[in-house]
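Numbering (our numbering), first residue to last: 12 to 247. Using N, Cα and C, we set each Cβ at its ideal position, and we do this for glycine too.
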Amino acid sequence: MAIVEVSNLNVQFAGKTAVSAASFAINEGETFSLIGASGCGKSTILRVLAGLQREWSGEIRLLQQNIRPGARFQGDLRRNVQMVFQDPYASLHPNHTIYRTLAEPLAIHREAQIPERVAEALMQVGLPADAAKRYPHQLSGGQRQRVAIARALLLRPKILLLDEPTSALDMSVQAEILNLLNRLKQQSGMTYLLVSHDADVIAHMSDRAAFMAGGAIQHEYDRAALVRGEHRMDAA
Ligand SMILES: Nc1ncnc2c1ncn2[C@@H]1O[C@H](COP(=O)(O)OP(=O)(O)O)[C@@H](O)[C@H]1O
Ligand SMILES: [Mg+2]
């Protein structure tokens, strides 16, 4: 069953087309990836699906619910669609402890047992309990990305939007984070929409991938094509 359905999505910035007639669907539990050169519109699609980019046209259904341009995501929708950004340092508040960073979304959604939930989230992403007391600058890049993933998972979303989640990390740390993401997905049955420019990452993670150029989806690769490496020319 499709959990993300995008049809004929268009996004313009000051009259310039960033996304052009993009259509794709993602089934529940799948990892679907977007590949293509810098500037082709990948992040813009993720920002639309996260409710961060509200000016667009076309048709979007998330979790069987129609989304309208201009709408703020609220309630279940807001909880169920979470995003992890490329640069974990920029996405964490420098003056907030990890505890505060993780407790805040729970408090906003009026969740109970916040200290327990924060401890559980840290454990899920393989961080020690005392990481809660630290500030972002006291953690490594990989640990910071684990915090960003923990924050995204706190509200137990159904859809995780991952925008180059390992591009800012060292090679060895990249593999750890990707394995963590795959393990979390197996445990929870989440659906992933992943952006990466790394052909190995795409092949390792994805059930299907779409290649974009100039804001438009050019073609899709199924799992067999990804295993054969047919996407490698595109994923530069
Ligand atoms: N907030 C914005 N304002 C103006 N132009 C933007 C904005 N965000 C993205 N763009 C432009 O839209 C196009 C697609 O950008 P983006 O989605 O970030 O590409 P990608 O993630 O594939 O590198 C680019 O030409 C970019 O310069
Ligand atoms: Mg981008």
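Residues near residue i in its chain [Cβ-Cβ closer than 7 Å; skip 5 each side]
| i | result |
| --- | --- |
| R155 | P99, Y100, L103 and P147 |
| G137 | R157 and L191 |
| G153 | L180, V184, E187 and I188 |
Straight-line Cα distance separating residue j from residue i
| i | j | result |
| --- | --- | --- |
| F43 | S49 | 18 Å |
| G52 | Q64 | 12 Å |
| P168 | I78 | 17 Å |
| H215 | L205 | 12 Å |
| I109 | S151 | 13 Å |
| Q76 | M12 | 13 Å |
| G81 | E66 | 6 Å |
| A33 | R58 | 14 Å |
| Q229 | L173 | 21 Å |
Range covered by the alpha helix (DSSP H) that runs through residue i
| i | result |
| --- | --- |
| S54 | K53 to L60 |
| Y110 | I109 to I119 |
Any non-hydrogen atom of ligand 1 closer than 8 Å to residue i Cβ
| i | result |
| --- | --- |
| S49 | yes |
| D5 | As displayed, the chain neither begins before 12 nor continues past 247, which places residue 5 out of reach and without an answer. |
Residue interval of the beta strand (DSSP E) (run including residue i)
| i | result |
| --- | --- |
| Y100 | Careful: Y100 lies outside any beta strand (DSSP E), inside the alpha helix (DSSP H) at P99 to S102. |
| M134 | Element bounds for M134: not the beta strand (DSSP E) but the alpha helix (DSSP H), I125 to Q135. |
| K169 | Run containing K169: none; DSSP gives neither H nor E here. |
Spatial neighbours of residue i in its chain, beta-carbon cut-off 8 Å, leaving aside the 5 residues before and after
| i | result |
| --- | --- |
| P105 | Y146, P147 and H148 |
| E231 | F35, R219, A220, A221 and F222 |
| R243 | A210 |
| P116 | R162, L165 and L166 |
Short CB-CB distance (under 9 Å) between residue i and chain C
| i | result |
| --- | --- |
| H107 | In the structure shown, chain C does not exist; there is a single protein chain. |
Contacts around residue i, its chain only, beta-carbon distance under 6 Å, and the 5 residues preceding and following it disregarded
| i | result |
| --- | --- |
| D245 | I46 and F222 |
| S178 | Q97 |
Proximity test, residue i beta-carbon vs ligand 2 heavy atom, cut-off 8 Å
| i | result |
| --- | --- |
| D174 | yes |
Q) At a cut of 8 Å, does the region 184-202 reach the region 114-132 through at least three beta carbon pairs? A) no
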